[in-house]
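Scroll down for the structure; my scribbles are underneath it.
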Amino acid sequence: MKAAVLTSPQDILKRPLRIVEVSRPQPAPGYVLLRVRACGVCRTDLHIVEGELPPRRENLIPGHQIVGEIVVGATKEFPISTRVGVSWVGGVDGTCRFCKKDQENLCDSPTFTGYTVDGGYAEYALVRSDFIFPLPRALDDLHAAPLLCAGIIGFRSIRVAGVEQGDRVGLFGFGASAHLAIAVLRAWKREVYVSTRGASHRQLASSLGAAWVGKEVDQPPVKLDRAITFAPSGDVVVAALASLRKGGIVAINAIHLDRIPEFNYDTLLWGERQLRSVTNMTRSDARDFLQIAAKLDLRPRITVFPLNQANEALTALKNDAVDSAVVITPLARRSSASKNG
Ligand SMILES: [Zn+2]
Ligand SMILES: [Zn+2]
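When the letters of the sequence shown are read in order and numbered with numbering that gives the first Met the number 0, they come out as residues 0 to 340.
Structural data, given as structure tokens:
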């Protein structure tokens, strides 16, 4: 099969992914073999490909927002040809103290799709049969892919931030995850304040119902109850903290931060303000979010690249060259395509 393979992490401009023929994964008990139809591109993929997350495997196929159809290993719940989704958490041990306490996102021995096991930048992917999710029928493959990490983790961030009725919520950074989170928040009638660099991102935030939009460092005009940061920048976390009322919460939606700068405890954290990280996801986050997405008819904006342009897809994400989610497909024949929905 054709796949995008990472042999040694380096700057994306050096094209670290090689598009090559590799052998198709062998079916195994407890696993399903998927024919990949689309795979979303996530900022975490960029951290893996560029080596900000330490390499865990040689010759890795990245990609953890997989939409595929089952070709081998069908189950009663998921018959052959069923279209399913796969996300970042590809499996947990089920036995550690966290798994036993309904906190499988914190599992001591998880597998991560497209990081510790091969992912979806390929024509086929082998995934655990208990870590696949049914997808909303209304959504086509390309629009469903970004829901699978950007959407689910954005939804988990809303949960971790403890968003309640009547809350004013700040979103700091406005990429794929934030533009799905705002749709959920607006459907729930929450007031949303967006700080982000890039005029096109601010325009998109306005069109999606933000009450206020500002630049990356601008402070919203009112104190916020909750804030979620999406940029991999500690300065943004501090800006989010500075926007909170007493008792407010910042949820950090980032697997990697450049650093956390020194900040003033008396003014920024005192007053029972809280800083929380958002770590991975549970299967119930995935199922709950996908149900909500179906009900809201959530349709992410996407830009599509064929599999053989995986390096270009990651470059576009890194450079903020697109104000949408980025999706790779092994099915495209054209050299590139763009679709907004
Ligand atoms: Zn566990
Ligand atoms: Zn992701």
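All residues carry an ideal CB built from backbone N, CA and C; glycine is no exception. Being a predicted model, the structure only gives us computed values, none of them experimental.
query, result
"Host beta strand (DSSP E) of Phe304 (start-end)", "Ile301 to Pro305"
"Backbone CA spacing between Leu267 and Val235 [nearest angstrom]", "13 Å"
"Contact the stretch 161-181 vs the stretch 120-134: 3+ CB pairs below 8 Å", "no"
"Three-state secondary structure (DSSP) of Glu311", "helix"
"Closer than 8 Å: Ser283 CB and nearest ligand 1 heavy atom", "no"
"Unbroken alpha helix (DSSP H) run spanning Arg185, endpoints", "Ala175 to Ala186"
"Residues surrounding ligand 2 [beta-carbon distance to nearest heavy atom under 6 Å]", "Cys41, Thr43, His63, Trp87 and Cys148"
"heavy atom of ligand 1 below 8 Å from Phe97 C-beta", "yes"
"Anticipated Cβ contact below 8 Å, Arg155 with Val31, distance rounded", "Not really, about 24 Å apart at Cβ, beyond 8 Å."
"Leu59 in three-state terms, based on DSSP", "strand"
"Heavy atom of ligand 1 within 8 Å of Thr278 beta-carbon", "no"
"Buried or exposed by the 16-neighbour rule on C-beta atoms within 10 Å, applied to Glu271", "exposed"
"Closest Cα partner of Ala149 within the set Ala209, Arg282 and Phe229", "Phe229"
"Any 3 or more C-beta pairs closer than 8 Å across the stretch 287-302 and the stretch 176-185", "yes"
"Residue environment, Glu190, which counts as buried when at least 16 other CB atoms sit within 10 Å", "buried"
"Pair within 9 Å by beta-carbon distance, Leu313 and Pro329", "no"
"Identity of the residue in Thr110, Val83, Gly84 and Gly50 nearest Asp92 by Cα", "Thr110"
"Bridge-paired residues (DSSP) for Glu51", "None; Glu51 has no bridge partner."
"For His46 and Pro53, the rounded distance between their alpha carbons", "9 Å"
"For Ile254, the three-state DSSP class (helix, strand or coil)", "coil"
"Contact check, Ile342 vs Gly119, beta carbons under 9 Å", "Because the chain is modelled from 0 through 340, residue 342 falls outside the range shown and cannot be assessed."
"Alpha-carbon spacing of Thr74 relative to Leu33, whole angstroms", "13 Å"
"Helix, strand or coil at Pro109 according to DSSP, with G and I counted as helix", "coil"
"Straight-line gap, Ala331 to Leu295 (C-alpha atoms, nearest Å)", "28 Å"
"Where the beta strand (DSSP E) containing Phe171 begins and where it ends", "Arg167 to Phe171"
"Cβ pair Ala309, Ile18 closer than 9 Å", "yes"
"Inter-residue Cα distance where the pair is Gln290 and Asp284", "10 Å"
"Cβ-Cβ distance between Arg196 and Asp224 below 9 Å", "no"
"Residues bridged to Gly84 (per DSSP)", "Val66 and Phe132"
"Own chain, CB closer than 7 Å to Arg23, minus 5 neighbours either side, in chain order", "Met0 and Tyr123"
"Under 9 Å between C-beta atoms of Ile343 and Val85", "Here the chain comprises residues numbered 0 to 340, so residue 343 is not present and cannot be evaluated."
"Paired residues, beta bridge with Gln25 - DSSP", "Its beta-bridge partners do not exist; DSSP assigns none."
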